[in-house]
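Those letters in the sequence shown? Residues 71 to 208, by the working numbering.
Inspection log for the structure reproduced underneath, given as structure tokens.
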Amino acid sequence: MEKPQNQQELAYQIQFIKEQKEMYMQNLELINASYSNLINTKKTVKNLKDIKDGDEILVPVGGMVNLKALIKEPQKILLSISNDVIVERNIEKSLEYLDKLIEQHKNQIGLLQEQIKKIDVSLHNISQQFQRNLSQQQ
71 MEKPQNQQEL AYQIQFIKEQ KEMYMQNLEL INASYSNLIN TKKTVKNLKD IKDGDEILVP
131 VGGMVNLKAL IKEPQKILLS ISNDVIVERN IEKSLEYLDK LIEQHKNQIG LLQEQIKKID
191 VSLHNISQQF QRNLSQQQ
């Protein structure tokens with residue numbers, strides 16, 4: 071009688087671990103998207119070194135829509151530090167800030183990937199136990 075109950079507990083554990091893995095995978099997807107955005111932002115900021123006051127650029131405003139704009143003070147960059155805080159920095163300081171964010175994202179990605187690997191090992195072990203119990207019942 072104990073084996074069916076044990077099987078049910080293992081089945082619940084498997085389901086819980088699968089849901090946990092899905093959560094980590096979604097977080098990894100979000101962090102990867104943010105990481106890609108930071109890499110593109112860094113490239114754009116680097117390109118500002120070659121821009122002069124009064125140069126014309128295209129500014130993306132969403133979707134596939136861009137506006138033509140004239141650059142004023144390309145060496146001064148406004149960084150959003152939080153939801154309601156914007157600071158002015160030069161290009162080099164902006165790149166340093168972006169590098170820190172990129173490094174944080176890399177670390178977060180590594181941690182999430184490590185957690186997913188641990189979850190996979192745990193899932194594999196529990197699934198094997200489930201299969202062994204199932205074959206012993208037959």
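Ideal placement from N, C-alpha and C gives every residue a C-beta, glycine not left out.
| Do L140 and I127 have their C-beta atoms closer together than 9 Å? | The sequence position of residue 140 within the sequence shown is 70, counting from 1. The sequence position of residue 127 within the sequence shown is 57, counting from 1. Closer than 9 Å, so yes.
| Can you name, in chain order, every residue of its own chain whose Cβ lies under 8 Å from the Cβ of Q90, other than the five neighbours on each side? | One-based indexing of the sequence shown puts residue 90 at position 20. If we look at Q90 and ignore the five residues flanking it on each side, its Cβ neighbours are I189.
| For V157, which residues from the same chain have a beta carbon less than 6 Å from its beta carbon, with the 5 sequence-adjacent residues on both sides left out? | By 1-based counting over the sequence shown, the position of residue 157 is 87. Excluding residues within five positions, the ones whose Cβ falls inside 6 Å are L149, I151.
| query | With distances taken between CB atoms, is the gap from S164 to I87 smaller than 9 Å? | reply | The residue labelled residue 164 in the question sits at position 94 within the sequence shown. The residue labelled residue 87 in the question sits at position 17 within the sequence shown. Cβ atoms of S164 and I87: not closer than 9 Å.
| Ordered along the chain, which non-local residues of its own chain (more than five positions away) have a Cβ less than 8 Å from that of K112? | The count along the sequence shown starts at 1 and reaches residue 112 at position 42. Taken in chain order, the residues that qualify are L165, L168, D169, I172.
| task | Can you check DSSP and say which residues form a bridge with E158? | result | Taking the sequence shown and counting its residues from 1, one reaches residue 158 at position 88. E158 is bridged to L148.
| Do the region 91-102 and the region 178-186 make contact, defined as three or more Cβ pairs closer than 8 Å? | yes
| said: According to DSSP, is N153 part of a helix, a strand, or is it coil? | reply: In the sequence shown, counting from the first residue as 1, residue 153 sits at position 83. Correct three-state label for N153: coil.
| So is I147 buried or exposed if we call it buried at 16+ other beta carbons inside 10 Å? | To locate residue 147, count along the sequence shown from 1; it is residue 77. Buried, since its Cβ has 16 or more Cβ neighbours within 10 Å.
| query | Under the three-state reduction of DSSP, which class applies to G124: helix, strand or coil? | reply | By one-based count along the sequence shown, residue 124 stands at place 54. G124: coil per DSSP, three-state reduction.
| said: Suppose the cutoff is 7 Å on Cβ atoms and the five residues either side in sequence are ignored; what does the same chain contact list for N195 look like? | reply: Counted from its first residue, the sequence shown places residue 195 at position 125. Cβ neighbours of N195 beyond the five flanking positions: none.
| query | Should M71 be labelled buried (16 or more other beta-carbon atoms within 10 Å of its own) or exposed? | reply | Here residue 71 refers to the residue found at position 1 of the sequence shown. Its pLDDT being 39, under 50, M71 is placed unreliably in this model, and the value from its coordinates should be taken loosely. The residue in question, M71, is exposed, as its Cβ has fewer than 16 Cβ neighbours within 10 Å.
| request: Starting from V191, follow its DSSP beta bridges and name the residues at the other end. | output: Against the sequence shown, residue 191 aligns to sequence position 121. DSSP, once it has assigned bridges, lists no residue as partnering V191.
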